[in-house]
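Student:
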Amino acid sequence: MVICALSASQVPVISLADGQTKASVAAAIREACTNLGFFYVSDHGVDESLVQAAFEQCCLFFNLPEEKKRKCLQDSNNRGYTPLAEQMLDASRQTRGDTKEGYYMGREVPLDHPDASKPLHGPNVWPDPALLPDWRPTMERYQAAMIQLALKLTDFIGLALGLPEGFFKKPGMFDNPMTVLRLLHYTEEKSAPEEGVFGAGAHSDWGMLTLLKTDSVPGLQICLEKDAENQTWLDVPPVEGAFIVNIGDMLERWSNDLFRSTLHRVVGRGQERFSIPFFFEPNFDCLVECLPQCCSPSNPAKYPPVTVGEYLMGKLKSTHAGYKA
Ligand SMILES: O=C(O)CCC(=O)C(=O)O
Ligand SMILES: [Fe+2]
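Residues 28 to 352 in the numbering used here are what the sequence shown lists, from first letter to last.
1. With a threshold of 7 Å on Cβ separation, who are the neighbours of N90 within its own chain once the five nearest residues in sequence on each side are excluded?
2. Hey, how far is the Cα of E221 from the Cα of Q121?
3. Please indicate yes or no: does the CB of T241 lie closer than 7 Å to some heavy atom of ligand 1?
4. By how many angstroms is the C-alpha of H230 removed from the C-alpha of M115?
5. Which residue's Cα is closest to the Cα of V78: A172, D125 and L159?
6. Taking 6 Å as the limit between beta carbons, can you name the residues of its chain near D142, skipping five residues before and five after?
7. Any chance the CB of T237 is under 7 Å from a heavy atom of ligand 2?
8. For V333 versus N310, is the C-beta spacing smaller than 8 Å?
9. Would H291 be called buried (16 or more neighbouring beta carbons within 10 Å of its own) or exposed?
10. Threshold first: 3 residues or longer. Then list the beta strand (DSSP E) segments lying entirely within the segment 193–250, N to C.
11. Are there three or more Cβ pairs, one per stretch, closer than 8 Å when the segment 237–250 is compared with the segment 192–199?
12. Would you decide whether E83 is buried or exposed? Buried here means 16 or more other CB atoms lie within 10 Å of its CB.
13. Suppose the cutoff is 6 Å on Cβ atoms and the five residues either side in sequence are ignored; what does the same chain contact list for C60 look like?
14. DSSP three-state label for F286, please.
15. Relative to the alpha-carbon of P204, which residue among D117, T181 and K217 has its alpha-carbon at the smallest distance?
16. Looking only at its chain, what residues have a beta carbon closer than 7 Å to the beta carbon of G64, apart from the 5 residues adjacent to it on each side?
17. Which residue marks the beginning of the beta strand (DSSP E) containing T109, and which one marks its end?
18. Can you name the residues that DSSP bridges to I274?
19. Suppose you measure from the CA of E58 to the CA of P245; what does that come to, to the nearest Å?
20. Using C-beta distances below 6 Å, list every residue in its chain close to A348, excluding the 5 sequence neighbours before and after it, in chain order.
21. Just the Cα atoms here: how many angstroms apart are S144 and L138?
22. Is it the case that the Cβ atoms of A219 and V293 are separated by a distance below 8 Å?
23. Tell me which residue opens and which closes the alpha helix (DSSP H) that V68 is part of.
24. When you compare the CB positions of I41 and A54, do they come within less than 8 Å of one another, or not?
25. Can you grab the Cα-Cα spacing for the pair G23 / S325, in whole Å?
Okay, structure coming up:
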């Protein structure tokens with residue numbers, strides 16, 4: 028059985044098929060996360076027809092007239108529609124906002140739920156069900172499938188870091204996770220990196236891990252030198268049937284940079300593109316501080332402890348013109 032194979036882009040494809048030991052999958056994940064911070068996952072158990080249904084709904088939603096999409100504009104909990112160019116992920120290099128529009132949804136938290144008073148928690152902002160009756164049930168099913176897969180991968184990540192079995196299952200860590208499903212539509216505008224125009228500007232993701240599905244149009248690139256002047260970018264093309272997985276800043280901080288939260292961007296090639304990243308983050312109040320397994324007197328903690336909520340809100344404020352906490 029092949030647990031891990033290299034794709035055309037040198038990014039490994041890791042299979043979660045039954046019949047292999049947990050330790051061997053964890054070892055493949057450790058290698059991918061320390062080298063690239065990116066891998067593909069195959070044999071993940073997510074129904075392909077559900078993925079297709081989500082993309083079909085995206086096509087319908089983004090084809091609605093602008094004023095209809097603006098009826099479900101992003102609220103203060105970061106839910107709803109974000110218009111074209113509303114986000115600028117890399118203000119240091121971009122001359123205008125990302126050439127994409129999006130729609131954010133999180134876990135549904137009814138207004139009478141005790142968590143609803145927390146920032147970034149609350150009911151979702153749904154498109155009019157008379158226009159898109161299948162939107163909500165499809166996206167809720169898709170999100171549930173993503174949470175399940177993310178929890179499975181989080182288990183493997185614990186093993187990969189040499190943590191005791193069930194480490195990330197402790198109360199307060201992922202029992203009330205911050206999850207964000209993001210439906211994205213890139214316009215056909217060709218990016219012009221030298222002019223500061225990008226589908227999505229260079230950034231690292233902010234949470235624990237991201238599960239990304241894209242249509243068949245390439246555009247995603249990663250860069251292993253976060254701070255270098257002359258960055259080299261490696262294409263991460265779609266692999267049929269697989270999800271792209273990448274590590275976010277929270278896990279980079281927990282692991283003291285052992286697992287990399289790698290810089291990535293989307294470069295438009297002159298073709299419209301749809302993608303669906305799912306961001307999986309720990310609980311809002313979870314304190315992320317260097318794991319004892321990842322530091323020593325000769326390798327002290329590189330980051331001060333931070334709560335997930337504090338970190339995410341800082342990032343939202345600095346990249347979204349329309350986000351008002
Ligand atoms: O659309 C893509 O391929 C990547 C999107 C992304 O990196 C993000 O939304 O954080
Ligand atoms: Fe990203």
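All C-beta atoms, glycine included, are put in the ideal place defined by N, C-alpha and C.
Tutor: Result, derived from the coordinates:
1. The sequence position of residue 90 within the sequence shown is 63, counting from 1. Once the five neighbours on either side are set aside, N90 has no close Cβ partner at all.
2. If you number the sequence shown from 1, residue 221 lands on position 194. If you number the sequence shown from 1, residue 121 lands on position 94. Looking at the two C-alpha atoms, the distance is approximately 9 Å.
3. Here residue 241 refers to the residue found at position 214 of the sequence shown. Yes, Cβ of T241 sits closer than 7 Å to a heavy atom of ligand 1.
4. Numbered from its first residue, the sequence shown carries residue 115 at position 88. Numbered from its first residue, the sequence shown carries residue 230 at position 203. Distance between the alpha carbons of M115 and H230 is about 10 Å.
5. Taking the first residue of the sequence shown as 1, we reach residue 78 at position 51. Residue A172 is the option with its Cα nearest to V78.
6. For the purposes of this step, residue 142 is taken as residue 115 along the sequence shown, with counting starting at 1. The residues are V136 and H148.
7. To locate residue 237, count along the sequence shown from 1; it is residue 210. Yes; taking the cut-off as 7 Å, the Cβ of T237 has a heavy atom of ligand 2 nearer than that.
8. Taking the first residue of the sequence shown as position 1, residue 333 is located at position 306. Taking the first residue of the sequence shown as position 1, residue 310 is located at position 283. No, the Cβ-Cβ distance between V333 and N310 is not below 8 Å.
9. Translated into the one-based positions of the sequence shown, residue 291 becomes position 264. By the neighbour-count rule (16 or more Cβ atoms within 10 Å), H291 is buried.
10. 204–213, 227–230, 236–241 and 247–250
11. no
12. Start at 1 with the first residue of the sequence shown, and residue 83 comes out as number 56. Exposed: under 16 other Cβ atoms inside 10 Å.
13. Counting from 1 along the sequence shown, the entry for residue 60 is found at position 33. Once the five neighbours on either side are set aside, the close Cβ partners of C60 are I274 and F286.
14. To locate residue 286, count along the sequence shown from 1; it is residue 259. F286 falls in the coil class under three-state DSSP.
15. On the sequence shown, position 177 is the one that residue 204 refers to. Minimum Cα distance to P204 is reached at T181.
16. Position 37 of the sequence shown, counted from the start, is the residue given in the question as residue 64. So the qualifying residues of the chain are N273, I274, F286, R287, S288 and T289.
17. Residue numbering aside, residue 109 sits at position 82 when the sequence shown is read from its first letter. Looking at the DSSP string, the run of the beta strand (DSSP E) that includes T109 is G107 to T109.
18. As a first step, residue 274 must be located in the sequence shown, where it is residue number 247. Paired residue(s): L236.
19. For the purposes of this step, residue 58 is identified with residue 31 of the sequence shown, where counting begins at 1. For the purposes of this step, residue 245 is identified with residue 218 of the sequence shown, where counting begins at 1. Each residue's alpha carbon lies about 25 Å from the other.
20. By 1-based counting over the sequence shown, the position of residue 348 is 321. Closer than 6 Å at the Cβ level, and outside the excluded window around A348, lie E113.
21. Residue numbering aside, residue 144 sits at position 117 when the sequence shown is read from its first letter. Residue numbering aside, residue 138 sits at position 111 when the sequence shown is read from its first letter. Each residue's alpha carbon lies about 8 Å from the other.
22. Within the sequence shown, the letter at position 192 stands for residue 219. Within the sequence shown, the letter at position 266 stands for residue 293. For A219 and V293, no; Cβs fall outside 8 Å.
23. For the purposes of this step, residue 68 is taken as the residue at position 41 of the sequence shown. Run containing V68: none in the alpha helix (DSSP H); it sits in the beta strand (DSSP E), F65 to S69.
24. Here residue 41 is taken as the residue at index 14 of the sequence shown, counted from 1. Here residue 54 is taken as the residue at index 27 of the sequence shown, counted from 1. The answer is no: Cβ separation not under 8 Å.
25. As shown, the chain starts at 28 and ends at 352. That puts residue 23 outside it, with no answer to give.
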